[in-house]
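Residue numbers (full-length UniProt numbering): 1 to 215.
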């Protein structure tokens with residue numbers, strides 16, 4: 001299974017690397033935008049793709065500042081779309097076939113988190129897995145004040161995206177060290193998978209502790 005993931009990741013990196021810098025940023029930005037949708041955020045590999053973009057930044061194939069600006073803006077706009085879709089369609093969408101695939105437990109957790117934590121939920125939700133996907137929609141559906149949502153969400157996007165890109169840069173630097181030792185082979189790709197998984201795992205653990213402190 002791990003080898004299969006490595007193979008898929010290797011193919012994706014090769015494909016992404018073959019694009020010009022503008023197209024790389026466009027692809028990653030579109031996935032970051034999609035992540036703000038109630039369902040697409042669960043399907044679209046937004047965070048992992050941003051990490052991979054950071055890897056390409058470390059390789060000198062993509063400039064950091066334009067990528068950070070474009071992807072941050074796309075992530076922000078995706079969240080705004082999620083908010084307005086929730087405000088407009090709300091329960092109708094939840095009862096739809098697509099909404100039912102999200103699962104009642106996830107919807108309930110997102111709603112309880114928002115109602116129980118308010119502004120902290122809007123901010124922290126951007127850093128937590130499925131919350132990142134569902135919270136904008138849930139905020140709109142719950143009629144959370146948009147003026148508060150947009151400001152807090154903007155701040156969280158400004159922290160999350162550049163920070164994730166930088167983690168990708170660090171992952172790329174670690175991969176380069178492995179590359180020097182064993183060459184670019186399946187083992188090298190496995191090393192990159194391990195680094196990215198490790199970064200993602202540590203961030204998830206940190207988020208859980210942070211949420212526990214807030215609760």
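Glycine is no exception: its CB is placed at the ideal position from the N, C-alpha and C atoms.
Supposed close pair residue i, residue j - CB separation, criterion 8 Å
i: residue 114; j: residue 138; result: 5 Å
i: residue 28; j: residue 19; result: Not really, about 10 Å apart at Cβ, beyond 8 Å.
i: residue 71; j: residue 50; result: 6 Å
i: residue 134; j: residue 64; result: 30 Å between Cβ atoms; not a contact.
i: residue 141; j: residue 99; result: Rounded, the Cβ-Cβ distance is 11 Å, inconsistent with contact.
i: residue 168; j: residue 76; result: Rounded, the Cβ-Cβ distance is 19 Å, inconsistent with contact.
i: residue 79; j: residue 136; result: 4 Å
i: residue 30; j: residue 68; result: 16 Å between Cβ atoms; not a contact.
Neighbour-count burial assignment, residue i, 16 or more Cβ in a 10 Å radius
i: residue 101; result: exposed
i: residue 11; result: exposed
i: residue 66; result: exposed
i: residue 94; result: buried
i: residue 58; result: buried
i: residue 216; result: No information on residue 216 is available, as it lies outside the stretch 1 to 215 that the chain covers here.
i: residue 103; result: exposed
i: residue 145; result: exposed
i: residue 105; result: exposed
i: residue 172; result: buried
i: residue 227; result: Past the boundaries of the shown model lies residue 227; the chain is included only from 1 to 215, so the question cannot be answered.
Reduced DSSP secondary structure (H/G/I, E/B, other) of residue i
i: residue 80; result: helix
i: residue 62; result: coil
i: residue 96; result: coil
i: residue 35; result: coil
i: residue 18; result: coil
i: residue 46; result: helix
i: residue 103; result: coil
Min CB distance residue i to chain B below 8 Å
i: residue 86; result: In summary, chain B is missing from the structure at hand, where a single protein chain is found.
Completely contained alpha helix (DSSP H) runs for the region 110-144, where each covers 4 or more residues
Runs of the alpha helix (DSSP H) inside the region 110-144: 119-124 and 129-141.
Quick check: the region 125-142 against the region 156-168, are there 3 or more CB pairs under 8 Å?
When C-beta atoms of the region 125-142 are compared with those of the region 156-168, three or more pairs fall below 8 Å, so the two segments count as touching.
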